[in-house]
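Chemist: Residue numbers (this note's numbering): 619 to 1015.
#1: Is the Cβ-Cβ distance between residue 885 and residue 896 less than 7 Å?
#2: Can you tell me whether residue 697 is buried or exposed, with buried defined as 16 or more other CB within 10 angstroms of its CB?
#3: Helix, strand or coil: how does DSSP classify residue 673 here?
#4: Whole angstroms are fine: how far does the CA of residue 887 sit from the CA of residue 621?
#5: Assign residue 922 to one of three DSSP states: helix, strand, or coil.
#6: What did DSSP end up calling residue 970 once you bin it into helix, strand or coil?
#7: Buried or exposed: where does residue 864 fall if 16 or more other Cβ atoms within 10 Å of its Cβ makes it buried?
#8: If you drop the 5 nearest sequence neighbours on each side, which residues of the same chain put their C-beta closer than 7 Å to that of residue 851?
#9: Would you check if the segment 947-962 and the segment 986-1006 touch, i.e. whether three or more CB-CB distances between them fall below 8 Å?
#10: Do residue 694 and residue 619 come within 7 Å of each other at the CB atom, strictly closer than that value?
#11: Looking at residue 977: is its Cβ nearer than 7 Å to the Cβ of residue 735?
#12: At 3 residues or longer, and completely inside the segment 709-759: list those beta strand (DSSP E) runs for me, N to C.
#13: Kindly list the residues whose CB is nearer than 8 Å to the CB of residue 1025, restricted to its own chain and excluding five residues on each side of it in sequence; keep chain order.
#14: Applying the 10 Å Cβ sphere with the 16-neighbour rule, what's the burial state of residue 662?
#15: DSSP state of residue 887, grouped into three classes?
#16: To the nearest angstrom, report how far apart residue 843 and residue 628 are at their CA atoms.
#17: Counting only runs of 4+ residues fully inside the segment 620-669, write out the alpha helix (DSSP H) ranges in chain order.
#18: Give the straight-line distance between the Cα atoms of residue 966 and residue 686, rounded to the nearest whole angstrom.
#19: Since I believe residue 811 is in contact with residue 875 (beta carbons under 8 Å), could you give me their beta-carbon distance rounded to a whole number of angstroms?
#20: Relative to the C-alpha of residue 912, which candidate in 847, 625, 882 and 869 has its C-alpha closest?
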């Protein structure tokens, strides 16, 4: 897949800009706080349905404006042209999405049209952070791979909220008369089990696919002999754990359903006492290890960066299994690496169809390709091509 054109109107520090892109590498170079990351954030929001920096859309709309617009034109691997347009609302208005000129009913219907892999400094939290960071990494990736995953996740979240509310009511002594509570809890438990089993099966299959390329990319980037391990630990039981080695690719859904039901029975009293659902994919963990040690808490700064970057680069393999290869977005990555790792990352980048890179210092990026200067002038970000070439820019800002 190639991103051929990106247009921003009243998004972050941009009032209006149109940037044409070609295959290969495009380097966005400029001092810090000029708006380089804002451009990658907009591309990521269009592709995945969320920003990697903030929770809602309001911060993405330019200050003083009610509406921001992101448009893109892309070319699929089979040469088909597609367009995606996103209207971001800052107030009470609803965000709207159009695909190929037609408004979609649900935002999830636009996921996966544009595919991206983004690595930003915040992504080191995948290694260093809480389990929720690793679950979100898998969920965001799987939603791009198959939009149906996002729908299953929405169904799961809805059922989980209802089940938790019932448990809170029980804990507070607000139980209705008769057997209404028991019946309602059984209904929501079955919905949690049905949707949760889909999520767990997809996550386990994803981990089994990601494990080999993650290990390979880590060894290439870090130049270390220690193997990298990925293990998915589920509250549904040991049958869903994986090392990514000799396990069957897709786990048995019936085993996951049985494991979830057994888990709910075993922890029923504890759930009633705490007023909280303690079994399900929202409690699972993706364990990362380097050699014999868990990466979280033991990995050095360089190892954390190398492993987080390897995980993101490996997602290209998972996405390309179903549909187009993604566009790779690297936000201020090369500055954090030593010279050897920079060269190794550059070598990996040459294997991708299209890469957008941001950097404050051009010399930090040992990659040939188009150059675009990014500057902030009177609060507005401007883009200028460094020299005539395959990348063109229209609009002063």
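Think of the CB as a built atom: it goes at the ideal place given N, C-alpha and C, for glycine as much as any other residue.
Modeler: Taking the geometry as given:
#1: The residue you call residue 885 lines up with position 267 of the chain shown. The residue you call residue 896 lines up with position 278 of the chain shown. In this structure, residue 896 lies closer than 7 Å to residue 885 by Cβ.
#2: Reading the chain shown from its first residue, position 79 is the one you call residue 697. By the C-beta density criterion, residue 697 is exposed, having fewer than 16 other C-beta atoms within 10 angstroms.
#3: If you number the chain shown from 1, residue 673 lands on position 55. The answer is coil: DSSP assigns residue 673 none of H, G, I, E or B.
#4: Numbered from its first residue, the chain shown carries residue 621 at position 3. Numbered from its first residue, the chain shown carries residue 887 at position 269. Cα-Cα distance, rounded: 53 Å.
#5: Residue mapping note: residue 922 aligns to position 304 of the chain shown, counting from 1. In the three-state DSSP reduction, residue 922 falls in the helix class (H, G or I).
#6: For the purposes of this step, residue 970 is taken as the residue at position 352 of the chain shown. In the three-state reduction of the DSSP assignment, residue 970 falls in the coil class.
#7: Residue mapping note: residue 864 aligns to position 246 of the chain shown, counting from 1. At residue 864 the pLDDT is 49, less than 50, meaning the model places this residue with poor confidence; the figure from the coordinates comes in the next sentence. Answer is exposed; the Cβ neighbour count stays below 16.
#8: The residue you call residue 851 lines up with position 233 of the chain shown. The answer, listed in chain order, is 859, 902, 903 and 905.
#9: In this structure the segment 986-1006 does not touch the segment 947-962; the number of beta carbon pairs closer than 8 Å is below three.
#10: Counting from 1 along the chain shown, the entry for residue 619 is found at position 1. Counting from 1 along the chain shown, the entry for residue 694 is found at position 76. Cβ distance < 7 Å, so residue 619 and residue 694 count as in contact.
#11: Stepping through the chain shown from its first residue, residue 977 is reached at position 359. Stepping through the chain shown from its first residue, residue 735 is reached at position 117. Taking C-beta atoms as the reference points, residue 977 and residue 735 fail to come closer than 7 Å.
#12: Runs of the beta strand (DSSP E) inside the segment 709-759: 714-717 and 734-737.
#13: The displayed coordinates of the chain run from 619 to 1015. Any statement about residue 1025 would go beyond what the structure contains.
#14: Reading the chain shown from its first residue, position 44 is the one you call residue 662. The residue in question, residue 662, is buried, as its Cβ has 16 or more Cβ neighbours within 10 Å.
#15: What you label residue 887 is simply residue 269 of the chain shown in a count that begins at 1. Residue 887 carries a helical assignment under DSSP once its states are collapsed to helix, strand and coil.
#16: By 1-based counting over the chain shown, the position of residue 843 is 225. By 1-based counting over the chain shown, the position of residue 628 is 10. Going from the Cα of residue 843 to the Cα of residue 628 covers about 48 Å.
#17: For the segment 620-669, whole alpha helix (DSSP H) runs of length 4 or above, ordered along the chain, are 654-666.
#18: Counting from 1 along the chain shown, the entry for residue 966 is found at position 348. Counting from 1 along the chain shown, the entry for residue 686 is found at position 68. Rounded to whole angstroms, residue 966 to residue 686 spans 34 Å at the Cα level.
#19: Along the chain shown, one-based indexing puts residue 875 at 257. Along the chain shown, one-based indexing puts residue 811 at 193. Yes, they are in contact, since the Cβ atoms of residue 875 and residue 811 sit about 6 Å apart, within 8 Å.
#20: Locating residue 912 in the chain shown gives position 294, counting from the first residue. It is 847.
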